[in-house]
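Read in order, the letters of the sequence shown are residues 529 to 977 in my numbering. All C-beta atoms, glycine included, are put in the ideal place defined by N, C-alpha and C. Note that the structure is a prediction, hence the values are computed from the model and not measured.
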Amino acid sequence: MSMPRRLPPYVERNHVKGHTYLSFRRGKGRRIRLPDDPTSSEFMSAYQSALLGQATSSRPELRSPVHGTISALIASYMRSSEYIGLRKTSKEGYGRRLEAIRIEHGHRTVAGLSRERIITGILQPFADRPGAALDTLKKLRILIRHAINIGWIRHDPSLGIKRPKLQRIRSWTEDEIELFRKKWPLETRQRLAFELFLNTGQRRSDVVRMAWSHITPENRIAVAQQKTGRRLLIPLHRDLLSALAVAKRDHVSIITTAYGQSFSVDGFSQWMRDAITEAGLPLGCQPHGLRKATGRRLAEAGATAKMIMSVLGHTTLAEAERYTEEADQASLAVDALARLEGHKANGLPQTQSAGLGKPTKSSKKSAGERQNWRSLGKSEKANNSRRLPIFQPRVPPLSHNGYFGDWQTDSLGDLTRFAATPAQAQATCDAADLSRLLCPQPSSRIHGS
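Put into structure tokens, the structure is as follows:
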């Protein structure tokens, strides 16, 4: 197997859907497409022009995209106020995905888009990359919405397409939090960054930009979120105050590199990833998981959803609840089992099996009982038609000085006003009588007076 040909400086290979493209890119500047054959004279001419900054004059004039194609739709969208109004960082992310769509599908017509073609032709190549598939679907739907707005199509062909499922970033556990703290002492930069993440609940793009000047005399930190634009004022937790107290203040930024310079967002992420790995934590412990741990901790402390939103910076309850899904499970499970144990210890089941289904042979009344019951007069039958049968508990023993509520009796004899026998008296007490029997109230009368 032959090794790939070594390319000139600033030339890189880009692999897109099985195709390899060559492009010129200096640092993080824009990519300039080069001819595919690095040995051809056309390639060397285009490379020299790109190297001298004259790439635009040596490249062939690009034709305007054909009306009605995806390329033309992308160009129209990027001239719209919706795209122009995006933040710079959002434009960069949109631009990369839209360019990938344009390269692969720009020649296709917008009117020819269908649900089946979107699934099989555009999303299927990303079957093993759900994150890229989801981002492509999002950008494609933005383009479709723009096409509807400008009258190119009338209906959304992406309706009914399910969003690819992503593996969600989880919250750090308390054991993982303590493990990181044991690895990195309080005076280290890694620990300071960790405490900023955990005790402010902000994203990496916000933590990396935090400066000493953002801290107020009242021990609060002002945050202007890059993603949402929201401005927050967050009190400093005592754990964060301890880390800030021993940190060096030799730069405007709170978190700096080993050379005393500010981090880039990507560099900061990789630096934190290395610190997490050195602490012996699994790959599931991601920096963004500390933001979720903040929400979880707030919820466990009894904070409401709006309180959590005021710290994390979300604008909807659904977003705040997404970060606190794991918060209530443990405490709710403890409460549920405690209720179950208490119910079992009570010894008074809510439903008695003897009162369900058909009566057993042993529970059937004797012929004598049935005869006595039938022998009651009409008025007694009418009075007892409202009585409810009681199976458990039985009438309690006489242990309240002979009293059952307001009833003064020394035996069950007085209960026979409801039935012909004491057994029937117990089985025909109504709900009000049962309440008085089970919950005796102090009587103003003295026994025997």
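Limits of the unbroken alpha helix (DSSP H) element including residue i
{"i": "residue 622", "result": "616-633"}
{"i": "residue 605", "result": "598-606"}
{"i": "residue 755", "result": "No alpha helix (DSSP H) contains residue 755, which DSSP labels as neither H nor E."}
{"i": "residue 715", "result": "No alpha helix (DSSP H) contains residue 715, which DSSP labels as neither H nor E."}
{"i": "residue 578", "result": "569-579"}
{"i": "residue 664", "result": "658-677"}
{"i": "residue 822", "result": "815-828"}
{"i": "residue 769", "result": "766-773"}
{"i": "residue 738", "result": "Run containing residue 738: none; DSSP gives neither H nor E here."}
{"i": "residue 839", "result": "833-840"}
{"i": "residue 846", "result": "845-850"}
{"i": "residue 612", "result": "609-612"}
Sequence-distant residues of the same chain with beta carbon closer than 7 Å to residue i, five excluded per side
{"i": "residue 614", "result": "622"}
{"i": "residue 849", "result": "833"}
{"i": "residue 694", "result": "658, 659, 662"}
{"i": "residue 669", "result": "686"}
{"i": "residue 945", "result": "Residue placement at residue 945 is flagged as unreliable, the pLDDT there being 44, under the threshold of 50; a coordinate-derived value is accordingly withheld."}
{"i": "residue 758", "result": "841"}
{"i": "residue 785", "result": "791"}
{"i": "residue 594", "result": "600"}
{"i": "residue 603", "result": "593"}
{"i": "residue 845", "result": "833"}
Beta carbon of residue i nearer than 7 Å to that of residue j
{"i": "residue 641", "j": "residue 685", "result": "yes"}
{"i": "residue 992", "j": "residue 675", "result": "Because residue 992 is not part of the residues shown, which for the chain are 529 to 977, the question remains open."}
{"i": "residue 638", "j": "residue 680", "result": "yes"}
{"i": "residue 754", "j": "residue 734", "result": "yes"}
{"i": "residue 599", "j": "residue 634", "result": "yes"}
{"i": "residue 559", "j": "residue 548", "result": "no"}
{"i": "residue 714", "j": "residue 841", "result": "no"}
{"i": "residue 771", "j": "residue 720", "result": "yes"}
{"i": "residue 862", "j": "residue 729", "result": "no"}
{"i": "residue 605", "j": "residue 562", "result": "no"}
{"i": "residue 763", "j": "residue 777", "result": "no"}
Nonlocal neighbours in the same chain, by C-beta distance under 8 Å from residue i, ignoring five residues either side
{"i": "residue 688", "result": "643"}
{"i": "residue 815", "result": "725, 732, 797, 800, 801, 804"}
{"i": "residue 707", "result": "807, 808, 809"}
{"i": "residue 535", "result": "541, 550, 566"}
{"i": "residue 597", "result": "634, 635, 636, 637, 638"}
{"i": "residue 585", "result": "Note that residue 585 has pLDDT 38, beneath the 50 cutoff, so the model's placement of it is unreliable and the number below is only indicative. Counting only Cβ-Cβ distances below 8 Å, and skipping sequence neighbours, we find 577."}
{"i": "residue 607", "result": "none"}
{"i": "residue 769", "result": "747"}
{"i": "residue 544", "result": "628, 631, 632"}
{"i": "residue 1017", "result": "Any property of residue 1017 remains undetermined from this structure, which presents the chain solely from 529 to 977."}
Inter-residue Cα distance where the pair is residue i and residue j
{"i": "residue 574", "j": "residue 709", "result": "53 Å"}
{"i": "residue 843", "j": "residue 738", "result": "22 Å"}
{"i": "residue 712", "j": "residue 800", "result": "12 Å"}
{"i": "residue 690", "j": "residue 636", "result": "23 Å"}
{"i": "residue 697", "j": "residue 847", "result": "14 Å"}
{"i": "residue 647", "j": "residue 628", "result": "16 Å"}
{"i": "residue 746", "j": "residue 653", "result": "53 Å"}
{"i": "residue 794", "j": "residue 829", "result": "33 Å"}
{"i": "residue 666", "j": "residue 727", "result": "32 Å"}
{"i": "residue 752", "j": "residue 742", "result": "10 Å"}
{"i": "residue 619", "j": "residue 790", "result": "23 Å"}
{"i": "residue 864", "j": "residue 817", "result": "28 Å"}
{"i": "residue 869", "j": "residue 683", "result": "58 Å"}
{"i": "residue 744", "j": "residue 617", "result": "28 Å"}
{"i": "residue 782", "j": "residue 740", "result": "6 Å"}
{"i": "residue 572", "j": "residue 557", "result": "20 Å"}
{"i": "residue 765", "j": "residue 811", "result": "27 Å"}
{"i": "residue 569", "j": "residue 539", "result": "16 Å"}
{"i": "residue 773", "j": "residue 718", "result": "15 Å"}
{"i": "residue 831", "j": "residue 859", "result": "14 Å"}
{"i": "residue 756", "j": "residue 645", "result": "34 Å"}
{"i": "residue 649", "j": "residue 775", "result": "53 Å"}
{"i": "residue 825", "j": "residue 867", "result": "24 Å"}
Boundaries of the beta strand (DSSP E) in which residue i is found, first to last residue
{"i": "residue 763", "result": "759-763"}
{"i": "residue 791", "result": "Unbroken run through residue 791: none, as it is neither H nor E."}
{"i": "residue 752", "result": "748-752"}
{"i": "residue 541", "result": "539-544"}
{"i": "residue 561", "result": "560-562"}
{"i": "residue 547", "result": "547-552"}
I want to know whether the segment 696-707 touches the segment 817-824 - three or more CB-CB distances under 8 Å. Cβ pair count under 8 Å is three or more, so yes.
Decide yes or no for the touch test of the segment 567-581 against the segment 535-553: beta carbon pairs closer than 8 Å, at least 3 of them. Taking 8 Å as the limit for Cβ pairs, the verdict is that the segment 535-553 does touch the segment 567-581.
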